[in-house]
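So the structure is just underneath, and the comments pick up after that.
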Amino acid sequence: MNKITLVFIATLLLNSCGSKTQEKDNPVENKEITETKNTAMKNVLFVLTSHDELGDTGEKTGFWVEEFAAPYYLLTDKGVNVTLASPKGGQPPIDPKSEQPDFQTPATKRYYEDQETQDKISKTLKLSEVSQSDYDAVFYPGGHGPLWDLAEDENSIKLIESFYNNNKTVAAVCHAPAIFKNTKNTDGSPLVKGKKVTGFTNGEEDAVQLTDVVPFLVEDMLISNGGIYSKKDDWNPYAVEDGLLITGQNPASSELVAEKLLERLK
Numbered sequence: 001m002n003k004i005t006l007v008f009i010a011t012l013l014l015n016s017c018g019s020k021t022q023e024k025d026n027p028v029e030n031k032e033i034t035e036t037k038n039t040a041m042k043n044v045l046f047v048l049t050s051h052d053e054l055g056d057t058g059e060k061t062g063f064w065v066e067e068f069a070a071p072y073y074l075l076t077d078k079g080v081n082v083t084l085a086s087p088k089g090g091q092p093p094i095d096p097k098s099e100q101p102d103f104q105t106p107a108t109k110r111y112y113e114d115q116e117t118q119d120k121i122s123k124t125l126k127l128s129e130v131s132q133s134d135y136d137a138v139f140y141p142g143g144h145g146p147l148w149d150l151a152e153d154e155n156s157i158k159l160i161e162s163f164y165n166n167n168k169t170v171a172a173v174c175h176a177p178a179i180f181k182n183t184k185n186t187d188g189s190p191l192v193k194g195k196k197v198t199g200f201t202n203g204e205e206d207a208v209q210l211t212d213v214v215p216f217l218v219e220d221m222l223i224s225n226g227g228i229y230s231k232k233d234d235w236n237p238y239a240v241e242d243g244l245l246i247t248g249q250n251p252a253s254s255e256l257v258a259e260k261l262l263e264r265l266k
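The opening position of the sequence shown corresponds to residue 1 in UniProt numbering, with each subsequent residue numbered one higher.
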C-alpha cells in the first residue's frame, strides 16, 4: 500500500472520529435536530374565529394574538407545517385588547415583525373546505370570538368529531374550549363527558367584566357537559391532557398547550 493511500485512509478515520466526538459533545443540539426531524412531516390545522362583535356592547373582539402566536412559532420552529382556517376564510378579526402593550410577549412581538405570517393569516382557508384527513391534529386559539361562532358552527363541530374519531388530537386554549359545547361522541354523549378539561374560568371572565356579555361561561359549559373540570388560580398557566384532548386555561397557558401537542405529534 503506497503512502498516498495510507494518508487518505488516516484522514478519513480522523474526520470520522471528529464527527462522532462532536455529536457526543453537543447532546442538546443533537436532540433538537432529532425532534425537528420527528415533526417535520407533521401537519396541524389552526382554526381561528371569524366573529368580531363583542355581544351588544358595540366593541370588537376576535382571536387573541398571543394564543395564536406562541403555539404557531413553537410548532413551526420544530418543523411542523401549520395551515390556517376560519369559518369565513380570509382575514380573521383580531381582538383589539390583545394588541395592548400589557399583553405583549416575545411571541406577539415576533408576529408583528413577521410579514410573511401576517400575510398567511390574512388568507385563511374556509372551514368548509378543509378535511381532517389532511392533518395530524387541530388547534383552536382563543379570544372571545369562538364563543359566538365556533361553538355553534356545524363545520367546526363535524371537523372536531372527525379528528377525534380518527384518533387525532384536538387542542384548544382559553375561550376556545367553547368548541366543545355541541361536539358529541359516537353514542351521542358530550365529547368532554368524563374527560379532564380546563378553560377560561368564571373568575377570569368576571375579572374582565364580561360575565353578562358572553353567551355562556366556558367553565360552566364544560362542567354541564360532564367534563372533569379543573383550574389553577386565575391567570396562572395551566393545561390538561386527557387522551386526544388538550385544553389550556387562559392566554398564559397557550405555550403549555402547544408543548403538549408537540409531544403528541412526536
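Beta carbons: idealized from backbone N, C-alpha and C, even for Gly.
According to DSSP, residue pairing for residue 53 in a beta bridge involves 60. Looking at the backbone, the Cα of residue 177 and that of residue 79 are separated by about 26 Å.
Counting only runs of 4+ residues, the alpha helix (DSSP H) found wholly inside the segment 84-149 occupies 106-112 and 115-121, in chain order. Counting C-beta pairs closer than 8 Å gives fewer than three between the segment 109-119 and the segment 181-188, which falls short of the contact rule. Rounded to whole angstroms, residue 201 and residue 251 show a C-alpha spacing of 12 Å.
Between residue 262 and residue 219, the alpha-carbon positions lie close to 25 Å from each other. In this structure, the straight-line span from the alpha carbon of residue 203 to that of residue 182 is close to 23 Å.
Taking C-beta atoms as the reference points, residue 145 and residue 52 count as a pair closer than 8 Å.
Boundaries of the alpha helix (DSSP H) around residue 68: 65-76.
A contact is defined here as three or more CB-CB pairs under 8 Å, and the segment 164-173 meets this definition with respect to the segment 236-249. Residue 228 has its alpha-carbon roughly 6 Å from the corresponding atom of residue 197.
Distance from the Cα of residue 236 is smallest, within the candidate group 191, 224, 249 and 122, for 249. For residue 180, there is no enclosing beta strand (DSSP E), as DSSP marks it with neither H nor E. In the DSSP assignment, residue 43 falls within the unbroken beta strand (DSSP E) covering 43-47. When DSSP states are grouped into helix, strand and coil, residue 154 belongs to the helix group. Taking each of 217, 194, 207 and 255 in turn and checking the Cα distance to residue 226, the smallest one comes out for 194. A distance of 8 Å or more separates the beta carbons of residue 192 and residue 159.
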